[in-house]
Amino acid sequence: MAPPLAPSGPRVPTGSCKGALSWLLANLGWTFVLAATGFVVFVLWLAFSRYGNIPLGSDDEKPEFRTVSWIAMMFSAGMGIGLMFFGMAEPLTFFMGPPPGTEPARSQAAIETAMATSLFHWTLHPWAIYAVLGLAIAYSSFRRGRRQLISAAFVPLLGRRRAEGPVSKLIDALALFATLFGSAASLGIGALQIKTGMQEAGWIAGLGPSVLVPIIVVLTVCFILSAVSGIARGIQYLSNLNMVLAALLALFLFVVGPTVLIMQLLPTSVGTYLQDFGTMAARSGATGGKEMDKFLSTWTIFYWAWWISWTPFVGMFLARISRGRTVRQFVAGVILVPSLVSLVWFSIFGGTAIDEQRKGGNPFGDGFPEEITFNVLQQLPWTGITSVVVMALVAIFFVSGADAASIVMGTLSQRGSIEPRRWMVIFWGAATGGNKALQGIQNPTFIGALPFAIVLVLLCFSLTRDLRTDPMMQRDAKGSDVLETAVVKGAKEHSGGFELVISEANGADGSADSGSQRQN
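Counting in the working numbering, the sequence shown runs from 53 upward without gaps.
Structural data, given as structure tokens:
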């Protein structure tokens, strides 16, 4: 999903929550910086550790969804609509005004910095944040048989009694309402983007903000219909359709846009991202002063807070569609695949926008992200067709994400039911559309990111404790102990001249012996 928008970056709320956000970012921004990078390290460690082969289900269970559909659904729910907003806008914004202490604006070096910073905000870090919660819930639900609730994943850390007490109900309630208001915010953003596209196409010239109301109504009806049809039909179909349309649009821009520049940006962006990763992850006002503080508050820390505030929804949805995968497959799918897609996406869309700006087309305009994409398309062939495709992508990305949110809210409100009742899904879908969606852009849900950051840190400890006692780990540990005992005994009794033989002979107590020794 996409953060709120503004000419200089994501839009900070107004009113009473503005002061709370300013205080949060100024005094506790370091918490988000450390936590976000810590989550990246944690999930990569899980993938490469001995826990990587543990399945999210029974030992012989197969994945519920095809890999292509699985990736398409996670991408649509996780940030599909956000990439439509910022695919061109963010690299171009950083090209026009790079982060403090980096490169001069509009320079050749600023292109590399712009691409690396955009990738930093949209690749490993956000998906690692989602992966922590998604993995914890998927393992807890499908491997351990607990309810599909955030609170249920705390059983290893708190014990079943405490994990089902008042604190757990508070956690699940916060997750439910964060999903509700976050969906409303995304609905308002999607309507704003579609309205801008319709204005650029000349369909609603001269009409004011009132046109957003019917757009919101249509989008709400669409995602409710999709949600009640279930994941296997509605969400999967829309996600696959989105993947095709997005690929076609990207291919079109690659062909008619600056093809050579795009190809050059692919390796250059990765190299600069990896080279500057430590610097970008460690940025703080301690070394950059007020200018760096302002940049971090406007962009990086705000992004981390926004991704964390969206984690209850996206993480639970990732868990719901990942049954049958292993821990390693989950991390690879959730972390690496979207990161690679984002690399290609930002190279094509960001490279095209920067190229048009350098040629004098000025697609940056007033700096509003919802306008930049259409400003760029006006400089390219088939503007009318591509504008319609962009509006369709925004609409379908939102519908596929919002109906997933409705299902997640139904699951939370029915105490972890994997298949919530249709009337409950419809209720939460209608609540999303009726929750003052336009004002939802300024809702304060992201302020809840700090307590959820703490929840995610605790989940890391709870998940690790759960994995240590997994049946597969216990079998491996028991097998190692039996093997070590047999080898030591054989060496002592037979002076090293022996071989191990595995058999199913019953012992005196009726249990099967793990093996026997045979002297050479």
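Using N, Cα and C, we set each Cβ at its ideal position, and we do this for glycine too.
CA-to-CA, the gap between A384 and P390 works out to about 9 Å. Considering only S121, M125, Q316 and A87, the residue with the shortest C-alpha distance to S452 is M125. The beta carbon of G104 is closer than 6 Å to those of V379 and R380 in its chain, skipping five residues each way along the sequence.
Collapsing the DSSP output to three states places E113 in coil. Under DSSP, T378 forms a beta bridge with P107. For M167 and V207, the gap between their C-alpha atoms comes out near 42 Å.
Cβ neighbours of V93 within its own chain (closer than 6 Å, five residues either side excluded): none. Sequence-distant Cβ neighbours of S121 in its own chain, meaning closer than 8 Å and more than five residues away, are Q288, S291 and N292.
The alpha-carbon of I223 is positioned some 22 Å away from that of G81.
DSSP places T521 outside both helix and strand once states are collapsed to three, so it counts as coil. Per DSSP, V386 lies in no alpha helix (DSSP H) and is assigned neither H nor E.
By the C-beta density criterion, Q526 is exposed, having fewer than 16 other C-beta atoms within 10 angstroms. Contact between A188 and S203 is absent: CB atoms are separated by about 11 Å, not below the 8 Å threshold. Taking C-beta separations shorter than 8 Å and ignoring five residues to either side along the sequence, the partners of H173 in its chain run E142, W351, T352 and Y355, following chain order. With fewer than 16 other CB atoms across the displayed protein chains lying within 10 angstroms of its CB, E545 is exposed. S110 and L96 have their alpha carbons spaced roughly 23 Å apart. Distance between A88 and F306, taken at the CA atoms: about 32 Å. Contact annotation: the region 414-425 does not touch the region 326-338, with fewer than three C-beta pairs closer than 8 Å.
Between P364 and F194 the beta-carbon gap is near 18 Å, outside 8 Å, which marks them as no contact. T324 counts as buried, since at least 16 other C-beta atoms from the protein chains shown sit within 10 angstroms of its C-beta. With 16 or more neighbouring CB atoms inside 10 Å of its own CB, T154 falls in the buried class. In this structure G139 touches F398 by the C-beta definition: roughly 6 Å separates them, less than 8 Å.
Per DSSP, reduced to three states, the secondary structure at L201 is coil, with no helix or strand assignment.
For G337, the uninterrupted alpha helix (DSSP H) segment begins and ends at G337 to T350.
Less than 9 Å divides the Cβ of A78 from the Cβ of D345. When only Cα atoms are considered, T537 and V553 end up about 14 Å apart. A Cβ-Cβ contact shorter than 9 Å links M148 with G419. In the structure shown, the three-state DSSP call for K221 is helix. Rounded to the nearest whole angstrom, the CA to CA distance from V539 to F91 is 41 Å. For A166, the enclosing alpha helix (DSSP H) stretches over residues Q160 to W174.
Within the model, the alpha-carbon separation for Q431 versus P266 is close to 30 Å.
The C-beta distance from G134 to V386 rounds to 16 Å, too long to fall under 8 Å, and the pair is not in contact. Of the candidates F137, L108, H177 and R102, the residue whose Cα lies closest to the Cα of A357 is H177. Closest in C-alpha terms to Q316, from the list L395, V296, S336 and R372, comes L395.
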